[in-house]
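Mature numbering (1 follows the signal peptide of the UniProt record, and there is no 0) puts the sequence shown at residues -21 to -1, 1 to 217.
Where is the CB? At the ideal position from N, CA and C, for every residue including glycine.
All of these numbers come straight from a predicted model, not from anything done at the bench.
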Amino acid sequence: MTRGLIISLLAICTLINLVISEDCKFVPPCQCVSTGFTLDLRNTVRPLSVIDGDYTYYIDPCGDHAKVAHFCNVAEEAGCQVKQSSIFGIASTSGYSATGDPFKNNVVFKNQYGEGTEIRVTLLNIKCNYFSEGHLVFVQETPPKTYNFTLETNRACTVPAEDDDGGLSGGSVLLIIFFVLLIVYLVGGVLFLKFVRRAEGLEAIPNYEFWKDFPSLVKDGVKFTCRGCKAESTYEKI
Ligand SMILES: *[C@@H]1O[C@H](CO)[C@@H](O)[C@H](O)[C@H]1NC(C)=O
């Protein structure tokens, strides 16, 4: 009984750890730090640029005007959109912030430039791409004056390329192995009990007594996990 409880708790802890989400913390000029990984854009392609329609966009993801000075004419600009002689700032040298979880590949760098009705907003959705140091893609302008881009870069990859087998993270592989073993155990157990032991009805479920108690074990397990996976002293009383 106690061993079954520990096993179910370990499984629950593993599952909960896999779905835990943690926003990274922005560190100027262009890093986002989370436990186990720092997204650092200092060595990406700078400035980034992309053409959409009549406009060409130039952005330095680290807010350095010097990188875009050739295209953006105002000293406070770290990014701009250019159409012939019209230049509009879309990012400022002091304006970056970031949110999202690098392990979920959903970090967004945000910046804005201007005042009042002339505020223009830049959103950089940072996505892991093993084959690019920095590639800017224009997604859309929605709402007006909010420019949504994707920045594909290997700086955002939390798993080294050689460990990556077609986009599955280590966590997903563990999860798949866990469920495959679970199915083998259940199907194999039912077949064994039914055809070898000649069990009938619910008796054919492997470890039926344990699974009957499983819902309450899960409840205990969640409580246990929420206390930080430390066993309670009254544990043995169960
Ligand atoms: C920006 O584009 C990305 C990628 O297509 C999308 O996931 C995101 O929701 C968009 N954000 C906004 C604010 O439109």
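Review point. If you measure from the CB of VAL12, is any heavy atom of ligand 1 nearer than 8 angstroms?
Key: Walking along the sequence shown from the start, residue 12 turns up at place 33. Incorrect: VAL12 has no Cβ contact closer than 8 angstroms to ligand 1.
Check your understanding: Taking 8 angstroms as the line, does the beta carbon of VAL118 fall inside it for any heavy atom of ligand 1?
Key -> Within the sequence shown, the letter at position 139 stands for residue 118. Because some heavy atom of ligand 1 lies under 8 angstroms away, the Cβ of VAL118 counts as near it: yes.
Check your understanding: Closest to ASN90 by CA distance: which of SER73, ASP33, PHE157 and PHE82 is it?
Key -> Numbered from its first residue, the sequence shown carries residue 90 at position 111. Here the closest residue by C-alpha is SER73.
**Study point:** As assigned by DSSP and simplified to three states, the class of LEU130
**Key:** Residue numbering aside, residue 130 sits at position 151 when the sequence shown is read from its first letter. Three-state DSSP puts LEU130 in a strand.
Point to revise | Cβ shell of SER13 (< 8 angstroms), same chain only, five flanking positions each side left out | key: Your numbering for residue 13 matches position 34 in the sequence shown. Close CB contacts of SER13 within its chain, under the 8 angstroms cut and outside five residues either way in sequence, are with GLU1, ASP2, CYS3, LYS4, ASP80, PRO81 and PHE82 (chain order).
Review point. Alpha carbon to alpha carbon, how far is VAL201 from THR121?
Key: To locate residue 201, count along the sequence shown from 1; it is residue 222. To locate residue 121, count along the sequence shown from 1; it is residue 142. Cα to Cα, VAL201 sits roughly 41 angstroms from THR121.
Check your understanding: By a C-beta neighbour count over all protein chains shown, 10 Å radius and 16 as the cutoff for buried, is GLY15 buried or exposed?
Key -> Position 36 of the sequence shown, counted from the start, is the residue given in the question as residue 15. When all chains shown are included, GLY15 counts as exposed.
Check your understanding: According to DSSP, what are the bridge partners of THR35?
Key -> Looking up residue 35 in the sequence shown gives position 56. The beta-bridge partner set that DSSP reports for THR35 consists of ILE30 and VAL61.
Exercise for review: Would you mind sorting SER71 into buried or exposed? The rule is 16 or more other CB atoms within 10 Å of its CB.
Suggested key: Here residue 71 refers to the residue found at position 92 when the sequence shown is read from its first residue. Counting Cβ neighbours within 10 Å, SER71 comes out buried, since at least 16 surround it.
Point to revise | Check: ASN104 C-beta below 8 angstroms from any heavy atom of ligand 1 | key: Taking the first residue of the sequence shown as 1, we reach residue 104 at position 125. The answer is yes for ASN104.
Point to revise | Sheet register partners of ASP114 (DSSP bridge) | key: Here residue 114 corresponds to residue number 135 of the sequence shown, with the count starting at 1. Reading off the sequence shown, one finds His at residue 114, where the question assumed Asp. As a beta-bridge residue in DSSP terms, HIS114 pairs with GLU131.
Exercise for review: Taking CYS136 as the reference, give the member of TYR75, CYS51, ASP19 and VAL159 with the closest Cα.
Suggested key: In the sequence shown, counting from the first residue as 1, residue 136 sits at position 157. For the residues TYR75, CYS51, ASP19 and VAL159, the minimum Cα distance to CYS136 belongs to ASP19.
Point to revise | Exposed unless 16 or more other CB atoms sit within 10 angstroms - verdict on ILE156 | key: Translated into the one-based positions of the sequence shown, residue 156 becomes position 177. Exposed.
Review point. For the region 54 to 67 against the region 164 to 173, are there 3 or more C-beta pairs whose distance is under 8 angstroms?
Key: At 8 angstroms Cβ cutoff, the stretches do not touch.
Review point. Relative to ligand 1, is the shortest distance from any of its heavy atoms to the C-beta of ASN90 smaller than 8 angstroms?
Key: Position 111 of the sequence shown, counted from the start, is the residue given in the question as residue 90. It does not: the Cβ of ASN90 is nowhere closer than 8 angstroms to a heavy atom of ligand 1.
Exercise for review: Please work out which residues of its chain come closer than 8 angstroms, Cβ to Cβ, to ALA140, disregarding the five sequence neighbours upstream and downstream, and give them in chain order.
Suggested key: For this step, residue 140 is matched to residue 161 along the sequence shown. TYR109 and ASN133, listed in sequence order.
Check your understanding: How is THR213 classed by DSSP in three states: helix, strand or coil?
Key -> The residue labelled residue 213 in the question sits at position 234 within the sequence shown. For THR213, the predicted model reports a pLDDT of 49, less than 50, meaning its position is unreliable and no value from the coordinates is stated.
Exercise for review: Taking SER13 as part of the alpha helix (DSSP H), name the residues at either end of that continuous run.
Suggested key: In the sequence shown, the residue the question calls residue 13 occupies position 34. Element bounds for SER13: not the alpha helix (DSSP H) but the beta strand (DSSP E), 10 to 13.
Review point. Around the C-beta of ASP39, are 16 or more other C-beta atoms found within 10 angstroms, so that it is buried, or is it exposed?
Key: Taking the first residue of the sequence shown as 1, we reach residue 39 at position 60. So ASP39 counts as buried.
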